[in-house]
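**Student:** Residues 8 to 162 in my numbering are what the sequence shown lists, from first letter to last. Cβ coordinates follow ideal geometry from the N, Cα and C atoms, glycine included.
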Amino acid sequence: MSKPDVSIENISSKVRIEYPDFSTLPEPVREKFESLPTKVNFFRMLGYSAGAFIPVIDLTNAIFRDLTISDYHKELLVLLVAAHEDVAYEWEQHVSIAQVAGVRPDQFVAIAEGRLDDSAALKEDERVLLRFGQAILEGQGTGRAVQARAAALLA
8 MSKPDVSIEN
18 ISSKVRIEYP
28 DFSTLPEPVR
38 EKFESLPTKV
48 NFFRMLGYSA
58 GAFIPVIDLT
68 NAIFRDLTIS
78 DYHKELLVLL
88 VAAHEDVAYE
98 WEQHVSIAQV
108 AGVRPDQFVA
118 IAEGRLDDSA
128 ALKEDERVLL
138 RFGQAILEGQ
148 GTGRAVQARA
158 AALLA
């Protein structure tokens, strides 16, 4: 990412958007919103499109909640994509989610700086997963050994 603020003291989300008042939205939308375990800003923004809210939440749950990969490993990959593609908004949105999932400050810094082989910040399985993700992002092939190790992590 281009010059993100990744100092350990400043890892936080800074996005500020006015969101709709869910108490004024249709009851099914309110109920779905209230049932969310985590109310990230993207979900709040969806309140502006009440007709799309429930289908998008259901799709999001199918994609993210029902995965076999752990939340921790998923967040490492989301941060990798955000850093690689220089998407500050995605990075900001996932800081708090990743922290809850167990990502440590030194890992945020290593990923943001592209230090995917940093053995002080990342365990071997994390480095394998991130190298696999990096190879996909860069359009490179991955060897069968890396694929097999990554597949074992995702199983």
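What does the Cβ neighbour count give for Leu53, buried or exposed, with the cut at 16 atoms within 10 Å?
**Tutor:** buried
**Student:** Asp132: which of Ala157, Thr149, Leu144 sits nearest, CA to CA?
**Tutor:** Ala157
**Student:** Is the segment 60 to 68 touching the segment 39 to 47, taking contact as three or more C-beta pairs under 8 angstroms?
**Tutor:** yes
**Student:** On the three-state DSSP scale, how would you describe Ile76?
**Tutor:** coil
**Student:** Rounded to a whole number of angstroms, what is the C-alpha to C-alpha distance between Arg23 and Ala152?
**Tutor:** Taking the straight line joining both Cα atoms gives about 44 angstroms.
**Student:** At which residues does the alpha helix (DSSP H) containing Lys46 begin and terminate?
**Tutor:** Taken as a continuous stretch (DSSP letters only), Lys46 belongs to no alpha helix (DSSP H), as it is neither H nor E.
**Student:** Output needed for Val88: all residues of its chain with C-beta closer than 8 angstroms, excluding positions within five of it in sequence on either side, in chain order.
**Tutor:** Val94, Glu97, Gly140, Leu144
**Student:** What are the boundary residues of the alpha helix (DSSP H) that Gly58 is part of?
**Tutor:** 57 to 67
**Student:** Is the segment 42 to 50 touching the segment 73 to 83, taking contact as three or more C-beta pairs under 8 angstroms?
**Tutor:** no
**Student:** Return the chain-ordered list of same chain residues with a C-beta closer than 6 angstroms to the C-beta of Asp113, the five sequence neighbours on each side being excluded.
**Tutor:** Ala128, listed in sequence order.
**Student:** Can you tell which of Tyr55, Phe49, Phe50 has the C-alpha that lies nearest to the C-alpha of Thr31?
**Tutor:** Tyr55
**Student:** Near Phe29, which residues of its chain fall below 6 angstroms by C-beta distance, leaving aside the five closest residues on each side in sequence?
**Tutor:** Arg37, Phe40, Gly54
**Student:** Is the separation between the beta-carbon of Ile118 and that of Ala142 shorter than 9 angstroms?
**Tutor:** no
**Student:** Could you tell me the boundaries of the alpha helix (DSSP H) in which Pro112 lies?
**Tutor:** Residues 112 to 119.
**Student:** Taking its Cβ as the centre, do 16 or more other Cβ atoms sit within 10 Å of Val102, making it buried, or is it exposed?
**Tutor:** Buried is the call here.
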